[in-house]
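Here is the structure we will look at.
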Amino acid sequence: MSKILEEIINANTAYAGAFDKGELAMPPARRFAILTCMDARLDPARFAGLAEGDAHVIRNAGGRASDDAIRSLVISYKLLGTREWFVIHHTNCGMETFSDETIRKLLRHSLATATLDKDGWRDTGKGPGSVEGDYIDWLTIQEPREAVIEDVQRIRLHPLVPRDIPVYGFIYDVSSGRLMEVPEATELGKAA
Ligand SMILES: [Zn+2]
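Residue numbers (our numbering): 432 to 623.
Here it is in structure tokens:
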């Protein structure tokens with residue numbers, strides 16, 4: 432068995448052994464949702480003080496307001512009653528290290544894991560790669576604050592998002608564990 436597979440199964444056996452939250456309701460008890468990055472250094476349950484059943488946490492690369500993130504947010508309010516949303520990007524995000532063109536080129540070359548050095552991303556894998564990457568909008572990040580503002584604004588202006596849900600914009604600092612508000616984003620995300 433893979434070492435990771437074994438570790439996960441053992442960790443879950445211990446978790447389930449002490450589990451006492453089997454009676455939680457499906458709708459988030461604290462009625463809010465967080466959209467954030469998949470980065471392994473971010474633990475929203477801990478940095479935002481969540482327990483099981485408290486809130487929705489939607490994650491993708493960058494914490495971007497993609498169509499699929501919006502799909503989840505709409506379900507979150509429309510069927511499960513959340514009333515406030517947080518968009519939380521973070522410092523040192525991997526999405527700042529490449530562009531659409533970069534990843535498309537790497538994928539065209541091979542499907543192996545690329546390496547990052549002082550000259551940027553490099554693909555040393557054996558081909559063939561695929562051109563399928565050309566058809567994906569990778570939603571990379573050029574300027575972190577701008578990206579938070581853009582995502583809050585996209586959610587705010589989306590026709591399926593009601594005006595009375597406030598959308599707050601934040602950047603989580605991976606070096607201090609602190610959440611820093613992006614006031615321009617929160618301003619744009621104000622409820623009406
Ligand atoms: Zn990230």
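Quick reminder that beta carbons are idealized off the backbone N, C-alpha and C, glycines included.
May I ask whether a heavy atom of ligand 1 can be found less than 7 Å away from the beta carbon of H487?
Taking the sequence shown and counting its residues from 1, one reaches residue 487 at position 56. H487: no, Cβ never under 7 Å from ligand 1.
Could you name the residues that DSSP lists as bridge partners for R490?
As a working note, residue 490 is residue 59 in the sequence shown. According to DSSP, which records beta bridges pairwise, R490 is partnered with T467.
On the DSSP bridge list, what partners appear for M457?
Position 26 of the sequence shown, counted from the start, is the residue given in the question as residue 457. Per DSSP, none; premise fails for M457.
Name the DSSP beta bridge partners of M611, please?
Position 180 of the sequence shown, counted from the first residue, corresponds to residue 611. Bridge partners of M611: I602.
Who sits around ligand 1, taking every residue whose Cβ is closer than 6 Å to one of its heavy atoms?
C468, D470, G493, H521, C524, G525, M526
Would you mind stating whether L588 and G564 have Cβ atoms separated by less than 8 Å?
As a first step, residue 588 must be located in the sequence shown, where it is residue number 157. As a first step, residue 564 must be located in the sequence shown, where it is residue number 133. Taking 8 Å as the Cβ cut-off, L588 and G564 do not qualify as a contacting pair.
What's the C-alpha gap between C524 and P458?
For the purposes of this step, residue 524 is taken as residue 93 along the sequence shown, with counting starting at 1. For the purposes of this step, residue 458 is taken as residue 27 along the sequence shown, with counting starting at 1. Straight-line Cα distance between these residues: approximately 30 Å.
Our contact map puts G493 next to I572 with C-beta atoms below 8 Å; I'd like the distance itself, whole angstroms only.
Translated into the one-based positions of the sequence shown, residue 493 becomes position 62. Translated into the one-based positions of the sequence shown, residue 572 becomes position 141. Right, their Cβ atoms sit about 6 Å apart.
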